[in-house]
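To start, the structure itself, in structure tokens.
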Amino acid sequence: MTLTERSAHKIVFESVTMVYGLGELAVKALDDCSLSVGANEFLCLLGPSGCGKSTILHLAAGFLTPSTGAVFINKRRIYGPGTDRGIVFQKHNLFPWKRVEGNIAFGSRMQALPEKERRSKVNEYLDLMELSGFERHYPSQLSQGMQQRVSLARAYANEPEILLMDEPFASLDAQTAMRMRELLLRIWSERRKTIVFVTHDIDEAIHLADRVLLMTSRPGRIKKEFLIELSRPRSWEFYSDSRYTELRSAMRSALLNE
Amino acid sequence: MKESKQKAAKLVKTLKTAVLAVLLMAGISALGGLSCAPSRPARQSITYAMPITLTAVIPYVASEKGFWKEEGLDVKVQMFSAGRLALDALLSKNAEVMSVSETPLVHAIVQGNKIFLVSTVASHHEVKFLGRRDKHIATPEDLRGKAIATLPGTNSDYFMYEFLKKHGIPVNAVKITNMSPPEMVTAFANGAIDGYFAWEPHIYYGEQQLPGKTIVFGPGDLYHGWHSVAMNQDFVKAHPEVVQKLIRGFIKAEEYIHQNPEEAMTIVAKVTGVDKEAIRKLWPEMKPVLRLDKDLIDVMNQEGQWSLSLNPSATTTPKWRDFIYSDALDAVRPSSVNLN
Amino acid sequence: MRRFWHLSRTRSRTSALGAVAVSLVLLLWQLVSYWHVYDNHLLPPPSYIVKAFVQMAQSGEWFVDVRDSLIRYGLGLLLGCFTGVAVGLVTGGIWPVRAALAPMLDFSRSTPMIALVPLFIVFFGIGLEEKVYLVAWGVFFPVWLNTQAGVSSTEREYLWAARSLGSSGWQLYGEVLLPRALPYIIVGVRVGITTGFFALGAAEVAGAFSGVVFRSYYSHQMFRTDKMMVAILTVGFLGFLCDRLYAITMTRLVPWWKENLDDLD
């Protein structure tokens with residue numbers, strides 16, 4: 002994907018600046034940021050904490066409104082959240098007062114789909130996320146990895162064009178996080194979506210992304226772009242690939258120079 | 008492990024609380040025992056539980072003018088908003104003497120409390136009914152079906168029963184509700200009740216709220232009250248000289264009031280917080296005189312019947328004379344004792 | 114002794130310990146009156162109180178008192194909970210409303226209920242309404258404050274997720290804010306159950322001629338301390354009963370908020 006293919010771009014940021022607070026307390030979280038994400042592209046935003054990568058995600062989701070500049074989805078300027086963009090957070094994702102099935106069916110209930118359709122949808126995504134048998138559980142009864150699978154199922158079940166993920170695997174142990182990445186990639190390869198994925202983990206970014214935007218902090222700016230042209234599906238062996246090691250050290254030095 | 012520690016901590020906490028409660032109770036009991044122990048120094052010091060009422064002129068003046076001090080008696084005055092609470096202070100031995108209208112004393116005696124009335128210090132006609140003319144109350148018969156407030160157990164409550172009986176109105180033909188006098192004035196003014204039985208200055212206050220729209224039914228011959236001084240029997244028996252000193256102080260106050268009514272009114276105004284004009288207007292309804300009269304026994308007897316009818320209990324009607332201690336007044340001013 | 118501390122806490126052991134403690138206090142009480150530490154007329158022993166209770170139950174007086182008090186209390190509790198939750202949802206969700214109302218509500222909530230009786234008489238007379246409103250007043254504040262805390266502490270992620278999934282406006286209240294605040298509301302109502310009884314005490318001071326708290330005042334006036342104690346213990350018992358019933362109901366009704374509900378037991 003290159004910047005010239007504008008028409009195919011799902012998400013476009015035009016000179017977006019985001020300032021939190023007022024007066025002396027004002028903090029510039031994002032400074033004159035322009036970017037675009039292509040249809041069905043898997044984009045990772047990589048950077049240290051406080052670099053504004055989550056701000057970009059929240060702006061794309063429509064939770065925040067830019068101080069200056071504009072955000073476009075499918076060439077239309079957005080002013081708020083929409084069902085075309087699903088979201089997965091690191092924590093406080095699932096509604097603890099709803100069972101697994103209730104969480105997954107939330108979107109279709111908001112769309113007032115008939116009960117039958119809702120049921121089949123819930124079952125479909127329970128299967129897809131390997132959660133069958135847990136539909137009657139409350140989130141607090143599940144492991145964190147399972148909880149994130151339910152979150153993913155809930156977002157997917159609403160069939161958005163874009164999936165925005167805010168460090169979704171950051172609080173999982175390494176093994177579980179790895180399995181979750183593989184699950185995500187497998188599902189994404191079957192049901193393509195535009196994904197913007199925020200992470201501070203270089204390995205995670207290279208493993209998942211088509212393209213990585215590396216960010217600097219205070220104020221948040223996009224520093225560098227890396228295209229990850231490693232073949233998919235990417236499995237264990239790919240960590241020993243020399244292109245992987247090169248990318249890794251390049252990103253690393255870029256992050257350290259910051 | 009951590010969890011079981013927490014549980015243990017919780018248990019310890021519960022037990023500590025329990026132990027503390029037991030210790031506290033034991034402590035209170037011990038204190039109760041101590042206060043019973045009679046150990047008095049040469050100069051007598053006692054506590055007087057005093058209610059706020061216009062009829063307590065003599066006690067107020069005796070205290071303010073230091074008449075008891077002159078008799079070698081230190082009297083610590085403890086004010087109470089209601090006579091009933093002052094009586095609790097006496098019965099629980101937190102006070103050695105108190106005074107109140109005879110009615111609460113009658114209930115206390117009926118229920119078996121061992122007290123003495125050592126003198127009365129005022130007779131009064133301050134218990135009345137106040138009604139609203141605009142609610143069509145013009146004659147006693149009009150009380151039928153009306154919403155009437157009373158404070159149960161008081162002399163005005165007794166007056167209400169007598170009043171209704173005299174006019175042939177069954178108690179359940181009136182909508183009776185309980186209230187303390189200050190609230191009666193509020194409820195009366197806003198129309199929640201049509202009238203109320205109470206004592207002064209609350210009748211006066213009610214009249215002030217609705218000038219010209221009210222009607223008063225006074226007690227007439229139906230009832231007159233005795234502001235009475237009460238003490239515990241065991242204390243009186245152990246310290247008859249204290250009772251005499253008290254009475255001498257009262258008599259000095261009685262004389263003072265007779266000589267200086269203006270000053271006495273000022274004292275009452277100061278202690279009760281009622282404005283002096285109201286006191287001046289109500290002054291004639293009170294007779295501040297020390298007496299032990301046969302009429303007191305008659306009043307007590309009638310109120311005793313009433314009290315027993317409201318609260319049937321195993322006790323039989325007490326012998327009222329046994330609860331009146333006349334020796335002290337008899338020794339100081341025999342002319343004031345007419346019990347036979 | 115060590116073994117005693119390490120007894121694991123079970124429901125039956127908890128109740129058993131409670132029962133043992135209550136019996137001990139009653140025994141001690143009976144002994145205290147046996148030794149005449151206090152005059153039996155001032156603090157009647159349990160045996161007198163039982164006798165008075167039997168008397169009051171036989172004459173039906175006790176049942177009328179309990180019924181009348183429960184009507185006042187129950188209606189007031191419902192009204193207080195309902196308005197408390199409603200106001201809490203609004204003030205918790207919309208900060209300008211919270212800012213505008215906070216001083217007024219904070220000011221009135223520390224006013225002793227008994228001091229409000231004359232005011233309530235002025236506004237509502239002395240009928241059932243006035244008593245119901247007084248109880249509701251007592252219940253309202255803890256329910257309101259807890260509901261507000263629950264709503265205003267709602268994690269933004271829940272609201273964002275719900276909006277991304279297509280809910281808006283009132284749906285956010287029903288789907289997110291209310292259920293999120295529910296554990297807080299449950300605790301608030303539990304406090305309200307207690308403060309409601311305080312308010313009932315104020316309500317029956319004036320303008321009643323029945324009711325458990327009225328009976329306590331009345332018996333005190335009439336020197337029937339045995340009946341007064343029956344009335345006081347009845348209020349305590351009703352409070353205990355309401356609290357228990359509530360705790361049991363809530364554990365059944367809201368199974369998803371396990372941690373918080375354990376405290377309700």
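Chains as they are written, first to last, in my numbering: chain B, 2 to 259; chain P, 8 to 347; chain A, 114 to 378.
Beta carbons are placed, not taken as given, at the ideal position from N, Cα and C, and that holds for glycine.
Assigned secondary structure, A:Cys379 (DSSP; H/G/I helix, E/B strand, else coil): Here chain A has residues from 114 to 378 only, and residue 379 of chain A is not among them.
Please compile the residues from chain A whose C-beta is within a distance smaller than 8 Å of the C-beta of B:Ala62. Residue mapping note: residue 62 of chain B aligns to position 61 of the first sequence, counting from 1. Per Cβ cutoff of 8 Å: Trp273 and Ser277.
Please report whether the beta-carbon of A:Ala280 lies at a distance below 8 Å from any beta-carbon of chain B. Here the question's residue 280 of chain A lines up with position 167 in the third sequence. Just to set this straight, residue 280 of chain A is Ser in the shown sequence, not Ala. Taking 8 Å as the threshold, the shortest C-beta distance from A:Ser280 to chain B falls below it.
For B:Ala206, which residues from the same chain have a beta carbon less than 7 Å from its beta carbon, with the 5 sequence-adjacent residues on both sides left out? Counting from 1 along the first sequence, the entry for residue 206 of chain B is found at position 205. Excluding sequence neighbours, B:Ala206 sits near Cys45, Leu47, Thr200 and Val213.
A:Asn259 lies in the alpha helix (DSSP H); which residues open and close that run? Here residue 259 of chain A refers to the residue found at position 146 of the third sequence. In this chain, the alpha helix (DSSP H) harbouring A:Asn259 covers Leu241 to Ser265.
Using the Cβ count rule (16 or more neighbours within 10 Å means buried), how would you classify A:Gly206? Taking the third sequence and counting its residues from 1, one reaches residue 206 of chain A at position 93. Flag for A:Gly206 reads buried.
For B:Ile12, count the other beta carbons within 10 Å of its own beta carbon; 16 or more makes it buried, fewer makes it exposed. Which is it? Taking the first residue of the first sequence as position 1, residue 12 of chain B is located at position 11. Answer is buried; the Cβ neighbour count reaches 16.
Starting from A:Ser182, follow the beta strand (DSSP E) in both directions and report where the run begins and ends. Within the third sequence, numbered from 1, the residue matching residue 182 of chain A stands at position 69. That residue, A:Ser182, is in no beta strand (DSSP E); its alpha helix (DSSP H) goes Glu174 to Gly206.
Local Cβ density within 10 Å of P:Ser70, reported as buried at 16 or more and exposed below that: Start at 1 with the first residue of the second sequence, and residue 70 of chain P comes out as number 63. By the neighbour-count rule (16 or more Cβ atoms within 10 Å), P:Ser70 is buried.
Beta-carbon proximity check, B:Val101 vs B:Leu132, cutoff 8 Å: As a first step, residue 101 of chain B must be located in the first sequence, where it is residue number 100. As a first step, residue 132 of chain B must be located in the first sequence, where it is residue number 131. With contacts defined as CB atoms closer than 8 Å, B:Val101 and B:Leu132 qualify as a contacting pair.
Going straight from the alpha carbon of A:Pro209 to that of A:Ala215, what length do you get? Taking the first residue of the third sequence as position 1, residue 209 of chain A is located at position 96. Taking the first residue of the third sequence as position 1, residue 215 of chain A is located at position 102. Looking at the two C-alpha atoms, the distance is approximately 10 Å.
Measuring only between beta-carbons, confirm whether P:Met307 sits less than 8 Å from chain A. To locate residue 307 of chain P, count along the second sequence from 1; it is residue 300. At least 8 Å separates the CB of P:Met307 from every CB of chain A.
For the segment 284-296 of chain A, which residues have a beta carbon sitting closer than 8 Å to at least one beta carbon of chain B? The segment 284-296 of chain A vs chain B, Cβ under 8 Å: Gln284, Glu288, Val289, Pro292, Arg293 and Leu295.
With distances taken between CB atoms, is the gap from A:Met226 to A:Leu247 smaller than 8 Å? As a first step, residue 226 of chain A must be located in the third sequence, where it is residue number 113. As a first step, residue 247 of chain A must be located in the third sequence, where it is residue number 134. Yes, the pair counts as a contact, with Cβ atoms nearer than the cut-off.
I'd like to know whether the C-beta of P:Gly225 is nearer than 8 Å to at least one C-beta of chain A. In the second sequence, residue 225 of chain P corresponds to position 218, counting from 1. Nearest CB-CB separation between P:Gly225 and chain A: not below the 8 Å threshold.
What's the gap between the Cα of P:Pro48 and the Cα of P:Ala237? Within the second sequence, residue 48 of chain P is the residue found at index 41, counting from 1. Within the second sequence, residue 237 of chain P is the residue found at index 230, counting from 1. In this prediction, P:Pro48 scores a pLDDT of 47, lower than 50, which makes its location untrustworthy; no coordinate-derived value is stated.
Nearest to P:Ile53 by CA position, among P:Ile286, P:Lys100 and P:Pro218, is which residue? Indexing the second sequence from 1 puts residue 53 of chain P at position 46. Minimum Cα-Cα distance from P:Ile53 among the listed residues P:Ile286, P:Lys100 and P:Pro218 corresponds to P:Lys100.
Are the C-beta atoms of B:Gly87 and some chain A residue less than 8 Å apart? If you number the first sequence from 1, residue 87 of chain B lands on position 86. Among the residues facing chain A, B:Gly87 is included, as its CB has a counterpart in that chain under 8 Å away.
Secondary structure at P:Lys301, three-state DSSP: helix, strand or coil? Taking the second sequence and counting its residues from 1, the one referred to as residue 301 of chain P is at position 294. Three-state result, P:Lys301: helix.
Under 8 Å between C-beta atoms, does A:Glu270 make it to chain B? Here residue 270 of chain A is taken as the residue at index 157 of the third sequence, counted from 1. Residue-level contact by beta carbon holds for A:Glu270 and chain B, with a gap shorter than 8 Å.
Does the CB of P:Gly160 have a neighbour CB from chain A at under 8 Å? Here the question's residue 160 of chain P lines up with position 153 in the second sequence. Chain A has a Cβ within less than 8 Å of the Cβ of P:Gly160.
Once DSSP output is grouped into helix, strand and coil, what is the label at A:Asn373? Locating residue 373 of chain A in the third sequence gives position 260, counting from the first residue. With a pLDDT of 47 at A:Asn373, under the threshold of 50, the modelled position of this residue cannot be trusted, and the question is left open.
Quick one, are the C-beta atoms of P:Val344 and P:Leu299 less than 8 Å apart? Indexing the second sequence from 1 puts residue 344 of chain P at position 337. Indexing the second sequence from 1 puts residue 299 of chain P at position 292. Yes, they are a contact pair.
Would you list the residues sitting across from P:His131 in a DSSP beta bridge? As a working note, residue 131 of chain P is residue 124 in the second sequence. DSSP lists P:Gly232 and P:Met293 as partners of P:His131.
Taking P:Pro291 as the reference, which of P:Thr161, P:Lys172, P:His246 and P:His132 has the closest Cα? Within the second sequence, numbered from 1, the residue matching residue 291 of chain P stands at position 284. Nearest option by C-alpha distance: P:His132.
Answer yes or no: do P:Gln118 and A:Arg337 have a C-beta to C-beta separation smaller than 8 Å? Taking the second sequence and counting its residues from 1, the one referred to as residue 118 of chain P is at position 111. Taking the third sequence and counting its residues from 1, the one referred to as residue 337 of chain A is at position 224. Yes, the pair counts as a contact, with Cβ atoms nearer than the cut-off.
Beta-carbon of B:His93 versus every beta-carbon of chain A: anything under 8 Å? Counting from 1 along the first sequence, the entry for residue 93 of chain B is found at position 92. Yes, contact with chain A.
Cβ neighbours of A:Phe237 in the same chain (closer than 8 Å, five flanking residues each side left out): In the third sequence, residue 237 of chain A corresponds to position 124, counting from 1. Around A:Phe237: Glu243 and Tyr246.
Sheet register partners of B:His10 (DSSP bridge): Counting from one through the first sequence, the residue named residue 10 of chain B turns up at place 9. Per DSSP, B:Gly39.
Tell me whether P:Lys283 is buried or exposed, calling it buried when 16 or more other Cβ atoms sit within 10 Å of its Cβ. By 1-based counting over the second sequence, the position of residue 283 of chain P is 276. Exposed, since its Cβ has fewer than 16 Cβ neighbours within 10 Å.
Considering only residues of the segment 168-227 of chain P, which uninterrupted beta strand (DSSP E) runs meet the minimum length of 3 residues and lie entirely inside it, listed in chain order? Those beta strand (DSSP E) runs which fall completely within the segment 168-227 of chain P and span 3+ residues are 182-185, 202-206 and 221-224.
Hey, which unbroken runs of the beta strand (DSSP E) at 3 residues or more fall wholly within the segment 125-181 of chain B? Segments of the beta strand (DSSP E) lying fully in the segment 125-181 of chain B: 163-167.
Excluding the 5 residues flanking P:Met328 on each side, which residues of the same chain have their C-beta closer than 8 Å to its C-beta? Stepping through the second sequence from its first residue, residue 328 of chain P is reached at position 321. Per the sequence shown, the amino acid found at residue 328 of chain P is Arg instead of Met. Only Ile304 and Leu346 meet the Cβ criterion.
Contacts around B:Thr69, its chain only, beta-carbon distance under 8 Å, and the 5 residues preceding and following it disregarded: Stepping through the first sequence from its first residue, residue 69 of chain B is reached at position 68. Taking B:Thr69 as the centre and dropping the five residues before and after it, the same chain places the C-beta of Ser16, Val17 and Thr18 closer than 8 Å to its C-beta, in chain order.
To which residues of the same chain is P:Glu78 closer than 6 Å at the C-beta, ignoring the five residues directly before and after it? As a working mapping, residue 78 of chain P is identified with position 71 in the second sequence. Short of 6 Å from the beta carbon of P:Glu78, and not among the five residues preceding or following it, lie these beta carbons of its own chain, in chain order: Lys252, Arg255 and Gly256.
What is the DSSP secondary structure of P:Ser42, reduced to helix, strand or coil? Against the second sequence, residue 42 of chain P aligns to sequence position 35. Per-residue confidence for P:Ser42 stands at a pLDDT of 47, beneath the threshold of 50, marking its modelled position as unreliable; the derived number appears in the next sentence. Looking at P:Ser42 - three-state DSSP - the assignment turns out to be helix.
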